[in-house]
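Q: These protein sequence lines map, in sequence, to chains A and S.
FYI, in full-length UniProt numbering the residues of the first sequence are 1 to 368.
FYI, in full-length UniProt numbering the residues of the second sequence are 1 to 368.
Here a beta-carbon is modelled for each residue, glycine too, at the ideal position from N, C-alpha and C.
2 protein chains.
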Amino acid sequence: MKENSKYIQVKNQIKDWILEGKVKPGEKIYSENELVKLFGVSRHTVRQAIGVLVHEGWLYREHGSGTFCSNRLLQQTKRESSKNIGVITTYMSDYIFPSIIRGIEQYLSSQGYSLIMASTNNDLEKEKQCLQTMLSKNIDGLIVEPTKSSSANPNISYYLNLEQHNIPYLMINQYYKEINPPHLVVDDEKGGFLATEHLIQYGHKKILGIFKSDDLQGVNRMKGYIDAFRKYNLPFFPDMIVTYTTETKEEKIAEIRSLLEGKERPTGLICYNDDVALSVLNVVRSLNLSVPGDLSIVGYDDSQLATASEVKLTSVSHPKTQMGIDAAKRIIAKIEGKSLENGTDSFVYEPELIVRESTKKLSSKIVT
Amino acid sequence: MKENSKYIQVKNQIKDWILEGKVKPGEKIYSENELVKLFGVSRHTVRQAIGVLVHEGWLYREHGSGTFCSNRLLQQTKRESSKNIGVITTYMSDYIFPSIIRGIEQYLSSQGYSLIMASTNNDLEKEKQCLQTMLSKNIDGLIVEPTKSSSANPNISYYLNLEQHNIPYLMINQYYKEINPPHLVVDDEKGGFLATEHLIQYGHKKILGIFKSDDLQGVNRMKGYIDAFRKYNLPFFPDMIVTYTTETKEEKIAEIRSLLEGKERPTGLICYNDDVALSVLNVVRSLNLSVPGDLSIVGYDDSQLATASEVKLTSVSHPKTQMGIDAAKRIIAKIEGKSLENGTDSFVYEPELIVRESTKKLSSKIVT
DNA sequence: TATTTTAACTTGTACGTACATCATCTTCAG
DNA sequence: CTGAAGATGATGTACGTACAAGTTAAAATA
Numbered sequence: 001m002k003e004n005s006k007y008i009q010v011k012n013q014i015k016d017w018i019l020e021g022k023v024k025p026g027e028k029i030y031s032e033n034e035l036v037k038l039f040g041v042s043r044h045t046v047r048q049a050i051g052v053l054v055h056e057g058w059l060y061r062e063h064g065s066g067t068f069c070s071n072r073l074l075q076q077t078k079r080e081s082s083k084n085i086g087v088i089t090t091y092m093s094d095y096i097f098p099s100i101i102r103g104i105e106q107y108l109s110s111q112g113y114s115l116i117m118a119s120t121n122n123d124l125e126k127e128k129q130c131l132q133t134m135l136s137k138n139i140d141g142l143i144v145e146p147t148k149s150s151s152a153n154p155n156i157s158y159y160l161n162l163e164q165h166n167i168p169y170l171m172i173n174q175y176y177k178e179i180n181p182p183h184l185v186v187d188d189e190k191g192g193f194l195a196t197e198h199l200i201q202y203g204h205k206k207i208l209g210i211f212k213s214d215d216l217q218g219v220n221r222m223k224g225y226i227d228a229f230r231k232y233n234l235p236f237f238p239d240m241i242v243t244y245t246t247e248t249k250e251e252k253i254a255e256i257r258s259l260l261e262g263k264e265r266p267t268g269l270i271c272y273n274d275d276v277a278l279s280v281l282n283v284v285r286s287l288n289l290s291v292p293g294d295l296s297i298v299g300y301d302d303s304q305l306a307t308a309s310e311v312k313l314t315s316v317s318h319p320k321t322q323m324g325i326d327a328a329k330r331i332i333a334k335i336e337g338k339s340l341e342n343g344t345d346s347f348v349y350e351p352e353l354i355v356r357e358s359t360k361k362l363s364s365k366i367v368t
Numbered sequence: 001m002k003e004n005s006k007y008i009q010v011k012n013q014i015k016d017w018i019l020e021g022k023v024k025p026g027e028k029i030y031s032e033n034e035l036v037k038l039f040g041v042s043r044h045t046v047r048q049a050i051g052v053l054v055h056e057g058w059l060y061r062e063h064g065s066g067t068f069c070s071n072r073l074l075q076q077t078k079r080e081s082s083k084n085i086g087v088i089t090t091y092m093s094d095y096i097f098p099s100i101i102r103g104i105e106q107y108l109s110s111q112g113y114s115l116i117m118a119s120t121n122n123d124l125e126k127e128k129q130c131l132q133t134m135l136s137k138n139i140d141g142l143i144v145e146p147t148k149s150s151s152a153n154p155n156i157s158y159y160l161n162l163e164q165h166n167i168p169y170l171m172i173n174q175y176y177k178e179i180n181p182p183h184l185v186v187d188d189e190k191g192g193f194l195a196t197e198h199l200i201q202y203g204h205k206k207i208l209g210i211f212k213s214d215d216l217q218g219v220n221r222m223k224g225y226i227d228a229f230r231k232y233n234l235p236f237f238p239d240m241i242v243t244y245t246t247e248t249k250e251e252k253i254a255e256i257r258s259l260l261e262g263k264e265r266p267t268g269l270i271c272y273n274d275d276v277a278l279s280v281l282n283v284v285r286s287l288n289l290s291v292p293g294d295l296s297i298v299g300y301d302d303s304q305l306a307t308a309s310e311v312k313l314t315s316v317s318h319p320k321t322q323m324g325i326d327a328a329k330r331i332i333a334k335i336e337g338k339s340l341e342n343g344t345d346s347f348v349y350e351p352e353l354i355v356r357e358s359t360k361k362l363s364s365k366i367v368t
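#1: Could you give the residue range of the alpha helix (DSSP H) that holds K263(A)?
#2: Using a Cβ-Cβ cutoff of 7 angstroms, what residues of the region 280-312 of chain S are near chain A? List them in chain order.
#3: In three-state terms, what does DSSP make of R47(A)?
#4: Would you say K137(S) faces chain A, with C-beta separation under 8 angstroms as the test?
#5: Does the CB of K212(A) have a neighbour CB from chain S at under 8 angstroms?
#6: State yes or no: is the beta carbon of E105(S) nearer than 8 angstroms to at least one beta carbon in chain A?
#7: Could you tell me if K11(S) is buried or exposed, where buried requires 16 or more neighbouring beta carbons within 10 angstroms of its beta carbon?
#8: Taking I101(A) as the query, report the chain S residues whose CB atoms sit under 7 angstroms from its CB, ordered along the chain.
#9: Helix, strand or coil: how does DSSP classify I253(A) here?
#10: Would you tell me roughly how many angstroms separate the C-alpha atoms of T77(A) and K206(A), rounded to the nearest one?
#11: Please report the straight-line C-alpha distance between Y107(S) and I116(A), rounded to a whole angstrom.
#12: In this structure, how does DSSP classify Y300(A) when only helix, strand and coil are distinguished?
#13: Counting only C-beta atoms, is Y349(A) closer than 8 angstroms to chain S at any point?
#14: Answer yes or no: does any C-beta atom of chain S fall closer than 8 angstroms to that of A118(A)?
#15: Could you tell me which residues DSSP pairs with F211(S) in its beta bridges?
#16: Nearest-angstrom Cα distance between F97(A) and Y91(A)?
#17: Give every residue of the same chain whose Cβ lies closer than 8 angstroms to the Cβ of Y158(S), excluding the five residues on either side of it in the sequence, and list them in chain order.
#18: Secondary structure at K329(A), three-state DSSP: helix, strand or coil?
#19: Contact defined as beta carbons within less than 8 angstroms: I believe D274(S) pairs with S303(S). What is the distance between those atoms, to the nearest angstrom?
#20: Determine the chain S residues that contact H55(A) at a beta-carbon separation under 9 angstroms, and present them in chain order.
#21: Take every Cβ of the region 156-170 of chain A, pair it with every Cβ of the region 227-237 of chain A, and state whether three or more of those distances are shorter than 8 angstroms.
#22: Answer with yes or no whether the minimum CB distance from S65(A) to chain S is below 8 angstroms.
#23: Touch check for the region 255-272 of chain S and the region 197-205 of chain S: three-plus C-beta pairs under 8 angstroms?
#24: Among the residues of its own chain, which have a CB less than 8 angstroms from the CB of P33(S), if the five just before and after it don't count?
#25: For P98(S) and chain A, any beta-carbon pair shorter than 8 angstroms?
#26: Sort K320(S), E336(S), F347(S) by Cα distance to E105(S) and report the nearest one.
#27: In the DSSP assignment, what residue or residues form a beta bridge with A118(S)?
#28: Does V367(S) come out as helix, strand or coil in the three-state DSSP assignment?
#29: Pairs of beta-carbons, one from the region 348-355 of chain S and one from the region 179-196 of chain S, closer than 8 angstroms: are there three or more?
#30: Under 8 angstroms, Cβ to Cβ, is there at least one residue of chain S near Y158(A)?
#31: Using 10 angstroms around the beta-carbon of G337(A), count the other beta-carbons present and answer buried if the total reaches 16, otherwise exposed.
#32: Can you tell me whether G64(A) is buried or exposed, with buried defined as 16 or more other CB within 10 angstroms of its CB?
#33: I'd like to know if V367(A) contacts chain S, where contact means its C-beta is closer than 8 angstroms to some C-beta of that chain.
#34: For S358(A), which residues of its own chain have a beta-carbon under 6 angstroms away from its beta-carbon, when the five flanking residues on both sides are left out?
#35: Closest to G191(A) by CA distance: which of I29(A), A333(A), Y300(A) is it?
#36: Considering just the uninterrupted stretch of the beta strand (DSSP E) at R61(S), what are its terminal residues?
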């Protein structure tokens, strides 16, 4: 590599601009044609110079818009990229999660990255092990679905350690408020609200809610459910909320059964997800009641299960695969020093209610 | 980065030579001018291709003497254990696969190994990319679910190269007969037989079969289906078998619909899997027929879907999570030099028929 | 005003040429 | 037989052109 070759000179000049602070991180540098005029060299030479700087991580190019100064050159500890992204999930076989994973994998592989996976089974001790593994694996970035996010997390120090190692991470579905990391989540409160509002507008008054209490998603959906009651000035009634945890699902379903057998049975039911909705649907069938005739049911997640049954479930939908793609996109952008549009690290997806056959209007006079 | 650009093609071809073992570490590759003639492109394009590969660490150049294959790969042969196991699957969000993955992950993490995942979407080109990624990732072992296993596979050389690098691999669900690798599979032929025999013993004679034709699982299940007809000396009838591929599922379901509308409609239906069974169930409902009243349906996989519907599906069950655990166990045993008890590298799981509500006995008078 | 289309500008790919620089093998002189 | 000069062929630098493809903002249209 000749020291006095033209492209080296151009390279060094541009590098100087960056080091002197004339070009700040994220800012656009001169276009190739401008550099051609400036230095009086050919475009090929300019591209060669820029190519080296891109390779070394000083710049990045964006097709059609320009060449920019990289963001993370300051504390660049010269870790060589392993092209591995870690992903920690709660349940691997959860019926909803594969679509997120698929989105992540799709984008990662298109960018030449690989995916290292681990799952916690919603156990905090296991989460700790996963984080330890990831830290020892030389990953470039980490995507985490937090475990038991509704309670305090003892593994905070690991996440802080990630920051010290300059490994970007991002949380999906939920996030630990204590560290307020970049996150992609669905507005579950709104989702719960939409589901409940739907039944209220259909004239239902006695609407039962069953929610999972050991993660934030469940807690938030429940909030939305309660909000809807408040907003429509509906009275609360006893036993209107059933909560369950990973360990107590079965017995709580049995509880629902006895509630449905009582004569004061509810006319509507908001479920934490489609899986629970189907469990309840089974109970309803065994009691010789009909859906939506005797009971309207709303699910959540709009999963494959929602349309598997004879009664297609009304369910709250959210962009699962898209969230995976976005997560991968953001983590890679951060790794490669690209700045995302408007600086915001996080995004909240709006849920949407898909009305199918499992809910119906109550034919009472009270409905406007 | 256009995938079909010339320099990418040249790059991939050269990378192939390395990964297939045609060019060994330290060896000189063709000179730029030779490559120009070989590919019929300009020298600039060749240099661009080589530039990328040098950048990625596959090659290095020596001014005046030539371009050589990096010996970074050589260090991998006497590599220290990375404690990484690669897993290549077809569909990540397939409703059946998560349980296998869960089994794999469970055992791997208990043994301190990590899981690197990639999926092919049942596309052979993508499988090639996945294998390339895995080969370049320093993995200790590889678990593969083969892609389009019913047709010839163009990626054989990659598997052979794995052997050269002393990386054990194992196939699940299906396997390429050409290389006869260690494999864990379900006896799908028997599964298809069991399902069909069940309907025959219930007095059915006109039994339709719908199978996926682009993977071996489908072909084998179909074999079992045909075997059952032979064994029970039942006559074959026209249109008794419908086959579909990944791309043509929808239209074939429509075909089933018209068969069911005809007056000579079948009384039984053997489905490739539960997903198809549910699709057909939807069609049956829309025709105002009843299951199992007018039509008995048998699914396959005994998945979550089988019990999601109001008519619980009779389905063929097989040990999904167990297969994952076994796969992980065997691959790690091989890595760590442990010998497995009975010497056999492969195992065939016996499927089991779970009889539920979607099938019923035909009373003899109705049977013509 | 809001939306669509167009034009201008950006980087990406691909071809061509010429000569410089370095390593290696061949040839020839000693 | 040995050493130096030269021929050959490899990569490195540098110039040029042309068009493709993506982005953005101005201009035209509804």
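A: Looking at the coordinates:
#1: By 1-based counting over the first sequence, the position of residue 263(A) is 263. Here K263(A) belongs to no alpha helix (DSSP H), and DSSP marks it neither H nor E.
#2: R285, Q304, L305, A308, S309, E310
#3: In the first sequence, the residue the question calls residue 47(A) occupies position 47. Residue state, collapsed to three classes: helix.
#4: As a first step, residue 137(S) is located in the second sequence; it is residue number 137 there, counting from the start. Taking a beta-carbon distance threshold of 8 angstroms, K137(S) counts as an interface residue toward chain A.
#5: Working through the first sequence from its first residue, we reach residue 212(A) at position 212. No, K212(A) lies away from the interface with chain S (no Cβ there is under 8 angstroms from its Cβ).
#6: Position 105 of the second sequence, counting from 1, holds the residue named residue 105(S). The beta carbon of E105(S) falls within 8 angstroms of a beta carbon belonging to chain A, placing the residue at that interface.
#7: As a working note, residue 11(S) is residue 11 in the second sequence. Buried: at least 16 other Cβ atoms inside 10 Å.
#8: Against the first sequence, residue 101(A) aligns to sequence position 101. Within chain S, the residues near I101(A) are M92.
#9: Here residue 253(A) refers to the residue found at position 253 of the first sequence. I253(A): helix per DSSP, three-state reduction.
#10: In the first sequence, residue 77(A) corresponds to position 77, counting from 1. In the first sequence, residue 206(A) corresponds to position 206, counting from 1. For T77(A), the pLDDT reaches just 47, beneath the cut-off of 50, and the residue's location in the model is therefore unreliable, leaving the point undetermined.
#11: Against the second sequence, residue 107(S) aligns to sequence position 107. Against the first sequence, residue 116(A) aligns to sequence position 116. Taking the straight line from one Cα to the other gives about 15 angstroms.
#12: If you number the first sequence from 1, residue 300(A) lands on position 300. Of the three classes helix, strand and coil, the one that applies to Y300(A) here is strand, per DSSP.
#13: As a first step, residue 349(A) must be located in the first sequence, where it is residue number 349. With 8 angstroms as the cut-off, Y349(A) does not count as an interface residue toward chain S.
#14: For the purposes of this step, residue 118(A) is identified with residue 118 of the first sequence, where counting begins at 1. Answer yes: the Cβ-Cβ gap between A118(A) and chain S drops below 8 angstroms somewhere.
#15: The sequence position of residue 211(S) within the second sequence is 211, counting from 1. Answer is T243(S).
#16: Working through the first sequence from its first residue, we reach residue 97(A) at position 97. Working through the first sequence from its first residue, we reach residue 91(A) at position 91. When rounded, the distance between both Cα atoms is 7 angstroms.
#17: By one-based count along the second sequence, residue 158(S) stands at place 158. Correct list, in chain order: L19, E20, K128, L131, Q132, L135.
#18: The residue labelled residue 329(A) in the question sits at position 329 within the first sequence. Helix at K329(A).
#19: Here residue 274(S) corresponds to residue number 274 of the second sequence, with the count starting at 1. Here residue 303(S) corresponds to residue number 303 of the second sequence, with the count starting at 1. D274(S) to S303(S), Cβ: 5 angstroms. Contact.
#20: Sequence index remark: in the first sequence, residue 55(A) carries index 55 (1-based). Neighbours of H55(A) on chain S, chain order: H55.
#21: no
#22: On the first sequence, position 65 is the one that residue 65(A) refers to. Closer than 8 angstroms: no.
#23: yes
#24: Here residue 33(S) corresponds to residue number 33 of the second sequence, with the count starting at 1. Strictly speaking, residue 33(S) in this sequence is Asn, with Pro absent from that position. Taken in chain order, the residues that qualify are R43.
#25: On the second sequence, position 98 is the one that residue 98(S) refers to. For P98(S), the answer is yes, since a Cβ of chain A falls inside 8 angstroms of its Cβ.
#26: The sequence position of residue 105(S) within the second sequence is 105, counting from 1. For E105(S), the nearest C-alpha among the options comes from K320(S).
#27: Locating residue 118(S) in the second sequence gives position 118, counting from the first residue. In DSSP, A118(S) forms a bridge with I88(S).
#28: Start at 1 with the first residue of the second sequence, and residue 367(S) comes out as number 367. In this prediction, V367(S) scores a pLDDT of 42, lower than 50, which makes its location untrustworthy; no coordinate-derived value is stated.
#29: yes
#30: For the purposes of this step, residue 158(A) is taken as the residue at position 158 of the first sequence. Not one chain S Cβ lies under 8 angstroms of Y158(A).
#31: One-based indexing of the first sequence puts residue 337(A) at position 337. So G337(A) counts as buried.
#32: Locating residue 64(A) in the first sequence gives position 64, where the first residue counts as 1. Classification for G64(A): exposed.
#33: Here residue 367(A) corresponds to residue number 367 of the first sequence, with the count starting at 1. Unreliable positioning characterises V367(A) in this predicted model, as indicated by a pLDDT of 42, which lies under 50. A coordinate reading is not provided.
#34: Here the question's residue 358(A) lines up with position 358 in the first sequence. Here the set comprises V291, P292, I297, V311, L313, T314.
#35: Numbered from its first residue, the first sequence carries residue 191(A) at position 191. Nearest of I29(A), A333(A), Y300(A) to G191(A), Cα basis: Y300(A).
#36: The sequence position of residue 61(S) within the second sequence is 61, counting from 1. If you look at R61(S), you'll find it in the beta strand (DSSP E) that goes 59-62.
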